[in-house]
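**Q** The structure under discussion is supplied below as structure tokens; questions concerning it will follow.
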Amino acid sequence: MSGHSKWATTKHKKAANDAKRSKLWAKMIKDIEVAARTGGGDPAANPTLDDMIRKAKKASVPGDNIERARKRGSGEEAGGSNWETVMYEGYGTNGVAVLIECLTDNRNRAATEVRTAMTKNGGNLGESGSVGYMFERTGVVTIQKGDLSEDDVLMAVLDAGAEEVNDLGEEFEITCKPTDLPAVREALAGENIEIEDAGQEFRADVQVDLDVDGAKKMMRIIDALEDSDDVQNVYTNMTLSDEVAAQLDA
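Quick note, the sequence shown lines up with residues 273 to 522 if you use the numbering used here.
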């Protein structure tokens, strides 16, 4: 149960400057608000909210901002926005499938910004269903390697519903069905294995391997999309070799 796309590690190295960090914080605040509205404001009883709060704290989002978002979402405090999730689909470099998840209070604005980001950077926005069928919602948990072996991790989570353990270099990534995410987290906690990150993503079964030029073009598309305040997540089916990932990092 190993092997992975270097894109999985490369994408987590983004948001390096203050502007990107500010946008990341804003997106995390929206996630917290929506999670609290959907599943209640108690993190102990709402695993999704708990995950979102953990991510925000890890990204150094101020605690007051996190708490206010939680209260707005749960109705304890007034002022929450009417966020709705909208998905857009399209193609990027070399036929790479792109799935764009927006969390917006203005569908027209979101559609315009997504279309502009795609077309100005060599992508094409498609009809609903054009690439969505390639992706499946997946539970993803990452942990620091430390002294753990892949077998150690596999033994800890296999009975909890884990489907795969991938070696990401300094971390292990565990994938599972979204419904098994709480059980996988509990299994890791039971073995005193600390969770680095946990949540849900869209993953594609068929991937497109890109060279450096193609990867740079795709990164421009992704950066342009993520620059929109309405775009919450961008998922693709691109994969990068170790060599290409190293050149991008350089």
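Just so it is clear, CB atoms sit at the ideal spot from N, CA and C, and this is done for glycine as well.
Keep in mind the model is a prediction, meaning the values are calculated, not measured.
(1) Which residue wins for smallest C-alpha separation from Asn366, given the options Met359, Thr376, Gly394 and Ala341?
(2) Whole angstroms are fine: how far does the CA of Arg492 sit from the CA of Leu375?
(3) Count the other CB atoms within 10 Å of the CB of Ala522; is the residue buried (16 or more) or exposed (fewer)?
(4) Quick one, which of Pro450, Lys327, Asp514 and Asn318 has its alpha-carbon nearest Gly441's?
(5) Between Gly312 and Arg342, is the Cβ-Cβ spacing less than 8 Å?
(6) Does Glu436 get closer than 8 Å to chain C when you measure Cβ to Cβ?
(7) Mapping the DSSP letters down to three states, classify Ala461 as helix, strand or coil.
(8) For Met300, tell me which candidate among Ala328, Gly345, Asp322 and Asn318 has the shortest Cα-Cα distance.
(9) Report back the beta-carbon spacing between Asp377 and Ser353 to the nearest angstrom; my notes put them in contact at under 8 Å.
(10) Terminal residues of the continuous beta strand (DSSP E) containing Gly486?
(11) Need the endpoints of the beta strand (DSSP E) that Ile325 sits in, please.
(12) Compare the Cα-Cα distances from Thr508 to each of Gly362, Val358 and Ser332 and report the closest residue.
(13) The beta strand (DSSP E) spanning Asn505 covers which residue range?
(14) Can you tell me which residues form a DSSP beta bridge with Asn438?
(15) Alpha carbon to alpha carbon, how far is Lys489 from Val413?
(16) Glu466: buried (16+ other C-beta within 10 angstroms of its C-beta) or exposed?
(17) Hey, out of Glu356, Leu371 and Arg340, whose CA is closest to Ala350's CA?
(18) Under the rule that 16 or more other beta-carbon atoms within 10 Å means buried, what is Lys285, buried or exposed?
(19) What are the start and end residues of the alpha helix (DSSP H) that includes Glu422?
(20) What separation, rounded to the nearest whole angstrom, lies between the Cα atoms of Asp452 and Asp424?
(21) Report buried or exposed for Thr310, applying the criterion of at least 16 other Cβ atoms within 10 angstroms of its Cβ.
(22) Is it right to say Met510 is buried, meaning 16 or more other beta carbons lie within 10 angstroms of its own, or is it exposed?
(23) Indicate the three-state DSSP secondary structure (helix, strand or coil) for Gly471 in the structure shown.
(24) Using 8 Å as the cut-off, can you tell me whether the stretch 463-477 makes contact with the stretch 399-415, which would need three or more C-beta pairs spanning the two stretches below that distance?
**A** Looking at the atomic coordinates:
(1) Gly394
(2) 21 Å
(3) exposed
(4) Comparing alpha-carbon positions, the option among Pro450, Lys327, Asp514 and Asn318 lying closest to Gly441 turns out to be Asp514.
(5) no
(6) Absent from the structure: chain C. Only one protein chain is present.
(7) helix
(8) Ala328
(9) 5 Å
(10) Gly486 -> not in any beta strand (DSSP E); alpha helix (DSSP H) instead, spanning Val484 to Glu498.
(11) Run containing Ile325: none in the beta strand (DSSP E); it sits in the alpha helix (DSSP H), Pro319 to Lys330.
(12) Gly362
(13) Val503 to Thr508
(14) Glu445
(15) Looking at the backbone, the Cα of Lys489 and that of Val413 are separated by about 28 Å.
(16) exposed
(17) Arg340
(18) Unreliable positioning characterises Lys285 in this predicted model, as indicated by a pLDDT of 49, which lies under 50. The coordinate reading is nonetheless provided below. Exposed.
(19) Glu422 to Val429
(20) 19 Å
(21) Exposed is the call here.
(22) buried
(23) Strand at Gly471.
(24) The stretch 463-477 is in contact with the stretch 399-415.
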